[in-house]
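Below is one structure, written out as structure tokens; the observations come after it.
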Amino acid sequence: MIYSNRRNFVKRSSLGITGSLLLPSIGFAMPSGEKYGVQLYTFRNEMAQDPKGTLEQIAALGIKKIESARSKAGLYYGLSPKEMKNTCDSLGMQLCSGHVALDKDFDDTMRQAVESGQEYIICSSLPSKGQNIGNYKKVAEAFNKAGKACEKLGLKFGYHNHEYEFESDKGEVLYDVLMDNTDPDLVHMELDLGWVVVAGKDPLDYFKKYPGRFPLWHLKDMNMHEKISTEFGKGGLDIATLLQHKSDSGIKHIFIEQEEYASTPMESMKHNMKFLKAL
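In our numbering, each residue carries its 1-based index in the sequence shown increased by 63.
This is the structure in structure tokens:
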């Protein structure tokens, strides 16, 4: 089923499913006044060792929004959902979103998300394998059902892309198949801009084709030769132009993410924030 791209899409009711660094608080803001956030996978090792202390250091950089990522210690790095919420609240940060799996434990994932107070839960990998149109339509159906289940609990469900979703089958880009078969009111896309450009696609084309469908971004610069992330301004992502067109995507939250670093995650994040301030 092909879904409309309009924001006022009529909902399908038939879908059902049963230690702090001494750094200044710089607080870089977008022109709209919205603060940048960070995907905590950027600090995955530090979060595993000392989640509260690492959050204190992130807050000292002026970061105001947080997106968590599931780990061996659970969805919140060994903290309970309430501990995660209370820690962020005490540091003046908002836990907005979290990366999860759409699996047999999804009911518990939703329960924890509600308890944590976050708005979005983002599926970070396809729940079934198959780089073909048939599987992507199957995934779209699963996403619509998950979105309906989340909606009933006051949550918003979404999906985070990688590079492989932009492969083609029978002349169709698989990511487009996913977009065309998901309900815009139930499935909120988080566009990882770095993986889009590495795949040879232009994010602006997607903003035009699917306006308002991307309320979340991963702002990630990429070394185009090695296909790994890098500090802002060192890779192939035209960050300034993308930020000029952010309203076309329906943006609500921008999370900085970096997976590889010139020195340390904290030094890379300081560089990235300084880069954004200079734009």
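Backbone N, C-alpha and C fix where the C-beta goes; we use that ideal spot for every residue, glycine too. Every value quoted in this text rests on a predicted model; they were computed, and no experiment measured them.
- In this structure S312 is in contact with F277, their Cβ atoms being roughly 4 Å apart against a cut-off of 8 Å.
- In this structure, the straight-line span from the alpha carbon of Q321 to that of L216 is close to 31 Å.
- For L282, the pairing in a beta bridge is given by DSSP as I319.
- Under the Cβ criterion (8 Å, minimum of three pairs), the stretch 139 to 151 counts as touching the stretch 174 to 185.
- For L342, the three-state secondary structure derived from DSSP is coil.
- Between the alpha carbons of N286 and W258 lies a distance of about 11 Å.
- In this structure, E294 lies away from A341, with their beta-carbon atoms at least 8 Å apart.
- Contact annotation, Q102 with L138: C-beta distance approximately 14 Å; criterion of less than 8 Å not satisfied.
- Scanning the stretch 230 to 274 for uninterrupted beta strand (DSSP E) segments of 3 residues or longer gives 250 to 255, listed from N- to C-terminal end.
- Counting the other Cβ atoms within 10 Å of the Cβ of E130 gives 16 or more, which makes it buried.
- Relative to the Cα of G141, the nearest Cα in the group L158, D113 and S160 belongs to D113.
- For I121, the uninterrupted alpha helix (DSSP H) run begins and ends at P114 to A123, by DSSP.
- For G210, the uninterrupted alpha helix (DSSP H) run begins and ends at I196 to K215, by DSSP.
- Ranked by Cα distance from I196, the options M242, I319, E289 and N149 are led by M242.
- Contact between I317 and G100 holds: CB atoms are separated by about 6 Å, below the 8 Å threshold.
- Listed in chain order, the non-local C-beta contacts of K233 below 7 Å within the same chain comprise I196, local neighbours out to five positions each way being set aside.
- If you draw a straight line from the Cα of T117 to the Cα of G210, it is about 31 Å long.
- Apart from sequence neighbours up to five positions away, the residues of its chain that approach A111 with a beta-carbon distance below 7 Å are S134, A136 and Y140, ordered along the chain.
- For S310, the secondary structure class from DSSP, reduced to helix, strand or coil, is helix.
- A Cβ-Cβ contact shorter than 8 Å links M156 with K128.
- Between the alpha carbons of G193 and G298 lies a gap of roughly 30 Å.
- When rounded, the separation of the alpha-carbon atoms in D255 and I185 is 12 Å.
- The straight-line gap separating the alpha-carbon atoms of F338 and D284 is approximately 12 Å.
- In this structure, the alpha-carbon of K290 lies about 16 Å from that of D301.
- When DSSP reads this structure, C159 sits in no beta bridge, so it has no partner.
- Per the coordinates, the alpha-carbon of A123 lies some 11 Å from the alpha-carbon of M332.
- Residue pairing by DSSP puts E130 in a beta bridge opposite Q102 and S160.
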